[in-house]
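J.:
Number of protein chains: 2
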Amino acid sequence: MSESQHETCVCVIDDDEGVRQALDSLLRSAGFTVHCFETPEAFLAADESDGAGCLILDIRLRGANGLDFQQELLASDNAVPVILMTGYGDIPMTVRGMKAGAVNFLAKPFADDDMLAAVAEALARSAERRAASRRGDGLRSSYASLTPREREVMALVTAGLMNKQIAGRLGLSEITVKIHRGNLMRKMQAQSLADLVRMAEALGARETSAARYGATTGG
Amino acid sequence: MSESQHETCVCVIDDDEGVRQALDSLLRSAGFTVHCFETPEAFLAADESDGAGCLILDIRLRGANGLDFQQELLASDNAVPVILMTGYGDIPMTVRGMKAGAVNFLAKPFADDDMLAAVAEALARSAERRAASRRGDGLRSSYASLTPREREVMALVTAGLMNKQIAGRLGLSEITVKIHRGNLMRKMQAQSLADLVRMAEALGARETSAARYGATTGG
DNA sequence: CGGGCGTATAAACCTAGGTATGATTCAACG
DNA sequence: CGTTGAATCATACCTAGGTTTATACGCCCG
Chain B
1 MSESQHETCV CVIDDDEGVR QALDSLLRSA GFTVHCFETP EAFLAADESD
51 GAGCLILDIR LRGANGLDFQ QELLASDNAV PVILMTGYGD IPMTVRGMKA
101 GAVNFLAKPF ADDDMLAAVA EALARSAERR AASRRGDGLR SSYASLTPRE
151 REVMALVTAG LMNKQIAGRL GLSEITVKIH RGNLMRKMQA QSLADLVRMA
201 EALGARETSA ARYGATTGG
Chain C
1 MSESQHETCV CVIDDDEGVR QALDSLLRSA GFTVHCFETP EAFLAADESD
51 GAGCLILDIR LRGANGLDFQ QELLASDNAV PVILMTGYGD IPMTVRGMKA
101 GAVNFLAKPF ADDDMLAAVA EALARSAERR AASRRGDGLR SSYASLTPRE
151 REVMALVTAG LMNKQIAGRL GLSEITVKIH RGNLMRKMQA QSLADLVRMA
201 EALGARETSA ARYGATTGG
């Protein structure tokens, strides 16, 4: 599997064979890779969840509710952009779907161009999501390589404490803090303290953040 | 005008007198302050935009389109949470409204409880928005007090450059950079460099920082 | 025209950060 | 049982950051 394939892979879940074939034809002719499923279970079983760039989901499925399935996906870590469609939609359903993050909500029958525009938007959102995820992954793998002590020091360094304060807080000598600090800067590939602070922000590593503002510095 | 009043002030725009009275009655009995308007122009003229906690907006207005007005509000800096309602809604209208950030989209006639729940959600969103705005305002007013030179230095400091590099970049001596740096730290009320970096992030002052981590493998 | 402000700079002095080199303890792994 | 790696600390040395005091130039406002 190549890398850039993600951005053209579209999955379809609809219990109507005719709709599946129509979408397959439409999307293939637009240059997308298409995988069709009759049920959410089939989709999950195929484990396309990881490679799919977006999901076109029918709401009225035999034995299942597309909106419920959308929210299951949302609750799991699988945040693939979803385009909802239905032949029996109303406004409350639309509101619920959009609030749950759907890219679009199309009433059947829909215009081909509307679907293609929705898919383009969904794939753009997917690409952005993947890029952000990759960015975070690099950081997280660096962070994972830190020893527990280095993480403690990193938290206090990025909270703005001086080495001697960190030493006091952790019951260490200042020189030891310096060594941990140098090691973690190397492991995190941070070129500067400003870099490290931004990394910490991106990681959400705000464990120690309490008592920063308003805390007295002297003493 | 008191401060906490924002969180209970609800504005209604509907060209139907009966709807306005019904909503006024419902919302007042729920403890909210209500202001009703017949047209978007009347709403804007009353300048409730600043004190309103949320806006209940009809879509089919005489001589105006509520969805267009919603997007005008979005385009302006006035980001008051909007609840849309209509007696003649369809799915594309709902999608458009929700994509434009509406809190909810209610078809008339709606249940009182649905409206009250929507208002509660909108006001919660409004409170959060105001809190974030206040947080940013303190920073921005500090930042506004910086001289142009101090801002240049701040940008380079938060980008992770050393004083001597900044001096070279700006054609100054290192001592001058130190002075600007000290001055801006005081003006920004930053207790540490880490603090300042976070402030710069919050201010969106990212001129120099283009994609520092994540992709680069070697320096 | 004088005072305030922004900008720039220097000398002196102090604190904080960072890197070697070398050494010890302890626990885990083969 | 020896090695490896985390963690600890010391001495020494160097660089970077930061303040104080003082000087100087140009600009605008009263």
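Those protein sequences? They're chains B and C, same order as listed. Take the first sequence: its position 153, counting from 1, is numbered 153 in UniProt numbering, and each next residue is one higher. Take the second sequence: its position 67, counting from 1, is numbered 67 in UniProt numbering, and each next residue is one higher. We treat Cβ as the ideally placed atom computed from N, Cα and C, and that holds for glycine.
1) Output yes or no for whether 8 Å exceeds the beta carbon distance between C54(C) and H35(C).
2) Of the choices A118(B), L74(B) and A122(B), whose alpha-carbon is the least far from that of K99(B)?
3) Could you list which residues in chain C have their beta carbon closer than 8 Å to that of V197(B), in chain order?
4) What are the boundary residues of the alpha helix (DSSP H) that M185(B) is part of?
5) For the beta strand (DSSP E) containing F105(B), list its first residue and its last residue.
6) Who are A64(B)'s beta bridge partners in DSSP?
7) So, at 7 Å on beta carbons, what are the nonlocal neighbours of R62(B) in its own chain, with the 5 sequence-adjacent residues on each side left out?
8) Please state whether the Cβ-Cβ distance between L139(C) and M199(C) is less than 8 Å.
9) Are the CB atoms of A46(B) and C9(B) within a distance shorter than 8 Å?
10) Just tell me which of P148(C), E7(C) and A202(C) has its CA closest to the CA of D135(C).
11) Determine the burial state of M115(C): buried for a count of at least 16 other Cβ atoms within 10 Å of its Cβ, exposed for fewer.
12) Which residue marks the beginning of the alpha helix (DSSP H) containing Q43(C), and which one marks its end?
13) Run down chain B in chain order and give the residues with a C-beta less than 8 Å from the C-beta of M188(C).
14) Do R181(B) and V153(B) count as a contact pair if the criterion is CB distance below 8 Å?
15) Measuring CB to CB, does I13(C) end up less than 8 Å from D58(C)?
16) Starting from T33(B), follow the alpha helix (DSSP H) in both directions and report where the run begins and ends.
17) CB V157(B) to CB A167(B), shorter than 8 Å?
18) Once DSSP output is grouped into helix, strand and coil, what is the label at T94(B)?
19) When you compare the CB of M98(B) with every CB in chain C, is at least one pair closer than 8 Å?
20) For the alpha helix (DSSP H) containing M115(B), name the first residue and the last one.
T.: Judging by the given coordinates:
1) Counting from 1 along the second sequence, the entry for residue 54(C) is found at position 54. Counting from 1 along the second sequence, the entry for residue 35(C) is found at position 35. No; because the gap between Cβ atoms is not below 8 Å, this pair is not in contact.
2) For the purposes of this step, residue 99(B) is identified with residue 99 of the first sequence, where counting begins at 1. That would be L74(B), whose Cα lies nearest to the Cα of K99(B).
3) Working through the first sequence from its first residue, we reach residue 197(B) at position 197. The answer, in chain order, is L193, A194, V197 and R198.
4) Your numbering for residue 185(B) matches position 185 in the first sequence. Its alpha helix (DSSP H) spans residues E174 to K187.
5) In the first sequence, the residue the question calls residue 105(B) occupies position 105. Note, F105(B): beta strand (DSSP E), N104 to A107.
6) Looking up residue 64(B) in the first sequence gives position 64. DSSP, once it has assigned bridges, lists L61(B) as partnering A64(B).
7) The count along the first sequence starts at 1 and reaches residue 62(B) at position 62. Excluding sequence neighbours, R62(B) sits near D15.
8) Along the second sequence, one-based indexing puts residue 139(C) at 139. Along the second sequence, one-based indexing puts residue 199(C) at 199. Yes, these two residues count as a Cβ contact at 8 Å.
9) Stepping through the first sequence from its first residue, residue 9(B) is reached at position 9. Stepping through the first sequence from its first residue, residue 46(B) is reached at position 46. Cβ atoms of C9(B) and A46(B): not closer than 8 Å.
10) Numbered from its first residue, the second sequence carries residue 135(C) at position 135. One detail in the question is off: residue 135(C) reads as Arg in this sequence, not Asp. Residue A202(C) is the option with its Cα nearest to R135(C).
11) In the second sequence, the residue the question calls residue 115(C) occupies position 115. Its Cβ being crowded by 16 or more others within 10 Å, M115(C) is buried.
12) Translated into positions along the second sequence, residue 43(C) becomes position 43. For the record, residue 43(C) in the displayed sequence is Phe; it is not Gln. Note, F43(C): alpha helix (DSSP H), P40 to A46.
13) On the second sequence, position 188 is the one that residue 188(C) refers to. Residues of chain B passing the Cβ test: none, with the nearest at roughly 13 Å.
14) Numbered from 1 along the first sequence, position 153 holds the residue referred to as residue 153(B). Numbered from 1 along the first sequence, position 181 holds the residue referred to as residue 181(B). In this structure, R181(B) lies closer than 8 Å to V153(B) by Cβ.
15) Here residue 13(C) refers to the residue found at position 13 when the second sequence is read from its first residue. Here residue 58(C) refers to the residue found at position 58 when the second sequence is read from its first residue. A contact, by the Cβ cut-off of 8 Å.
16) Looking up residue 33(B) in the first sequence gives position 33. Where T33(B) is concerned, there is no enclosing alpha helix (DSSP H), although the beta strand (DSSP E) it sits in stretches over T33 to F37.
17) Residue 157(B) sits at position 157 when you count from the first residue of the first sequence. Residue 167(B) sits at position 167 when you count from the first residue of the first sequence. Cβ distance not < 8 Å, so V157(B) and A167(B) don't count as in contact.
18) If you number the first sequence from 1, residue 94(B) lands on position 94. Three-state DSSP puts T94(B) in a helix.
19) As a working note, residue 98(B) is residue 98 in the first sequence. True, the Cβ-Cβ gap to chain C drops below 8 Å.
20) As a first step, residue 115(B) must be located in the first sequence, where it is residue number 115. Run containing M115(B): D112 to A144, per the alpha helix (DSSP H) assignment.
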